[in-house]
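According to our numbering, numbering within the sequence shown proceeds without interruption in unit steps and concludes at 58.
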Amino acid sequence: TPSLVFQCQTEKQIQHDQHGSAHRRSMPTFTIHCLNEFKTDLHPVLKTLLNKAEQKRLLQQLL
């Protein structure tokens, strides 16, 4: 199964391990933006994954 990657900041950060090399994933990943296209609400995928309290908290941090 592929991994879902949510991009909430405008800058994309690559995680590095202790040896300084970027993680290589063998599984495909799909990047999904955290906000919808109008930047007014969370992405529909996030709304299905998070409960109402988590949605509200994340939305407050992003807007």
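The C-beta atom is built at its ideal place from N, Cα and C for all residues, glycine as well.
Helix, strand or coil at L58 [DSSP, three-state]: As a position in the sequence shown, residue 58 is number 63, starting the count at 1. Of the three classes helix, strand and coil, the one that applies to L58 here is coil, per DSSP.
Start and end of the alpha helix (DSSP H) containing L45? Within the sequence shown, residue 45 is the residue found at index 50, counting from 1. Looking at the DSSP string, L45 is not in any alpha helix (DSSP H), and its letter there is neither H nor E.
Can you list, in chain order, the residues of its chain whose CB lies under 6 Å from that of F1, leaving out five sequence neighbours each side? As a working note, residue 1 is residue 6 in the sequence shown. For F1, where only same-chain residues beyond five positions count, the Cβ hits under 6 Å are I27, C29.
Roughly how many angstroms lie between the CA atoms of F33 and R52, to the nearest whole one? If you number the sequence shown from 1, residue 33 lands on position 38. If you number the sequence shown from 1, residue 52 lands on position 57. Roughly 19 Å separates the two Cα atoms.
Buried or exposed for L58, going by 16 or more other Cβ atoms inside 10 Å? Walking along the sequence shown from the start, residue 58 turns up at place 63. Burial call: exposed.
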